[in-house]
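Trainee: Mapping to the UniProt record's numbering: the sequence shown position 230 is 230, numbers consecutive. No residue lacks a Cβ here, since even glycine has one placed at the ideal position from N, Cα and C. Input: one structure, supplied below.
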Amino acid sequence: MNRTELAEFLRSRRARVTPQDVALPSGGQRRTPGLRRQEVAQLAGMSIDYYIRLEQGRGPHPSRQVLNALARALMLGHDERVHLFNLAGQALETPRMRGDVPAGVRHLIAFLEELPAYVVDVKYEILVWNPLAGLLLGDLDSRSRDDLNVIRWLFRDPDIAERIIDEERGRFARGSVADLRAAAGRYPDDPGIQALVAEMLALSPEFAELWARHEVQLRREHRKRISHPAVGVIETTCQVLSIPDREDLRLILYTTEPGSAAHQALRELRQFTLSS
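In structure tokens form, the structure reads like this:
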């Protein structure tokens, strides 16, 4: 059980919910945003003293019944509810064994000649990729194994970050940090995640500001516009696929509308892979 993270998460979620959201009277002017501690305790059906101890990081190990009550009171979404249980040491699912990318997935990526495809782990390390993804994301083949982390690129590598259209970069950054925080709750003892978070907190004020929000949301399908120096702007749908029996890995595919300008741009980019 991570008492410190649990306490911070509860405080951040409480500040997000207004009395109107849960049909409570506003009670006049409030010094801080969101619900009062007593209101959360009332909504969750627990004593105010018990809830205060949880928010102060000194409470007992909460039961699943208590966690479900808190999730309802704080109006948590599915991803946030899973994160709450993880922080309290009551994981809803047990993460399976981790390791290398399965051979079948590697073969699949290799055969996807017209789709940029790669595999990332829970800390956003790119593990394997096909030639088209390598070109789209910035000559991955020339990078060292220590320089293949999407989070580091996003907050510290302007050459990579500038490929994401400006108005979408903020959304992508926010979603990536929210997804990384979910992974940190799911794998609390992972030294790689801990080291990455500590590094980014020390080196990136933008990352630190987003991390402090305690937002939790798993990465799912989303639109992404990428600016490539050779073929221009490519509008894609980023498909995020889970790999069976490997919850620590995700297959990322960039798809385009058949016959569209973006589809043609990817075909033009593919010519560079054929000529190399």
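Excluding sequence positions up to five away, which residues of its chain have a Cβ less than 7 Å from the Cβ of residue 87?
Mentor: Against the sequence shown, residue 87 aligns to sequence position 87. Leaving aside the five residues that flank residue 87 on each side, the residues in its chain whose CB is nearer than 7 Å to its CB run, in chain order, 2, 5, 6, 9 and 185.
Trainee: Is residue 223 buried or exposed, if buried means 16 or more other CB atoms sit within 10 Å of its CB?
Mentor: Locating residue 223 in the sequence shown gives position 223, counting from the first residue. The residue in question, residue 223, is exposed, as its Cβ has fewer than 16 Cβ neighbours within 10 Å.
Trainee: Touching or not, the region 257-270 and the region 226-236, by the rule of three or more beta carbon pairs under 8 Å?
Mentor: yes
Trainee: Given residue 133, which residues of its chain have a CB within under 6 Å of its CB, disregarding the five upstream and five downstream residues?
Mentor: On the sequence shown, position 133 is the one that residue 133 refers to. So the list reads 116, 117 and 118, once near-sequence residues are dropped.
Trainee: Based on DSSP bridge pairs, tell me the residues matched to residue 119.
Mentor: Here residue 119 corresponds to residue number 119 of the sequence shown, with the count starting at 1. In the DSSP output, where bridge partners are listed per residue, residue 119 has 128 and 251.
Trainee: I need the DSSP call for residue 216, collapsed to helix, strand or coil.
Mentor: Position 216 of the sequence shown holds residue 216. In the three-state reduction of the DSSP assignment, residue 216 falls in the coil class.
Trainee: Mapping DSSP to helix, strand and coil, what is residue 227?
Mentor: Residue 227 sits at position 227 when you count from the first residue of the sequence shown. If DSSP states are grouped into helix, strand and coil, residue 227 belongs with the strands.
Trainee: Can you give the Cα-Cα distance for residue 258 and residue 135, rounded to whole angstroms?
Mentor: The count along the sequence shown starts at 1 and reaches residue 258 at position 258. The count along the sequence shown starts at 1 and reaches residue 135 at position 135. If I take the Cα positions, the gap works out to 20 Å.
Trainee: Among 38, 91 and 101, which one has its Cα closest to the Cα of residue 74?
Mentor: The count along the sequence shown starts at 1 and reaches residue 74 at position 74. Checked all of 38, 91 and 101; the closest Cα to residue 74 is 38.
Trainee: Among 237, 100 and 13, which residue has its Cα nearest to the Cα of residue 84?
Mentor: As a working mapping, residue 84 is identified with position 84 in the sequence shown. Nearest Cα to residue 84 within the set 237, 100 and 13: 13.
Trainee: Buried or exposed for residue 152, please, with buried defined as at least 16 other CB atoms from any protein chain shown within 10 angstroms of its CB.
Mentor: Working through the sequence shown from its first residue, we reach residue 152 at position 152. Looking at its Cβ environment, which holds 16 or more other Cβ atoms inside 10 Å, residue 152 is buried.
Trainee: On the CB-based measure, 16 or more other CB atoms within 10 Å of its CB, does residue 80 come out buried or exposed?
Mentor: Taking the first residue of the sequence shown as position 1, residue 80 is located at position 80. It counts as buried.
Trainee: Are there 16 or more other CB atoms within 10 angstroms of the CB of residue 144, so buried, or fewer, so exposed?
Mentor: On the sequence shown, residue 144 is found 144 positions in, with the first residue counted as 1. That one is exposed.
Trainee: Whose CA, out of 139, 137 and 248, lies closest to the CA of residue 182?
Mentor: Walking along the sequence shown from the start, residue 182 turns up at place 182. Nearest C-alpha to residue 182: 248.
Trainee: Taking only the alpha-carbon atoms, compute the straight-line gap between residue 121 and residue 250 and give it to the nearest angstrom.
Mentor: Indexing the sequence shown from 1 puts residue 121 at position 121. Indexing the sequence shown from 1 puts residue 250 at position 250. Cα to Cα, the separation comes out at about 6 Å.
Trainee: Which of the three DSSP states, helix, strand or coil, is assigned to residue 14?
Mentor: On the sequence shown, residue 14 is found 14 positions in, with the first residue counted as 1. Correct three-state label for residue 14: helix.
Trainee: Classify residue 31 as helix, strand or coil using the three-state DSSP reduction.
Mentor: For the purposes of this step, residue 31 is identified with residue 31 of the sequence shown, where counting begins at 1. Coil at residue 31, not helix or strand.
Trainee: What are the partner residues of residue 243, as DSSP defines its beta bridges?
Mentor: Mapped onto the sequence shown, residue 243 falls at position 243. In the DSSP output, where bridge partners are listed per residue, residue 243 has 246.
Trainee: Distance, Cα to Cα, residue 221 vs residue 138?
Mentor: For the purposes of this step, residue 221 is taken as the residue at position 221 of the sequence shown. For the purposes of this step, residue 138 is taken as the residue at position 138 of the sequence shown. Each residue's Cα considered, the two are about 22 Å apart.
Trainee: Would you report the Cα separation of residue 97 and residue 148, rounded to the nearest angstrom?
Mentor: Mapped onto the sequence shown, residue 97 falls at position 97. Mapped onto the sequence shown, residue 148 falls at position 148. Here residue 97 scores only 49 on pLDDT, less than 50, and its place in the model should not be relied on; the value that follows carries that caveat. Answer to the nearest angstrom: the Cα atoms are 23 Å apart.
Trainee: Would you kindly work out how many angstroms separate the C-alpha atoms of residue 112 and residue 130, rounded to a whole number?
Mentor: Counting from 1 along the sequence shown, the entry for residue 112 is found at position 112. Counting from 1 along the sequence shown, the entry for residue 130 is found at position 130. Cα to Cα, the separation comes out at about 8 Å.
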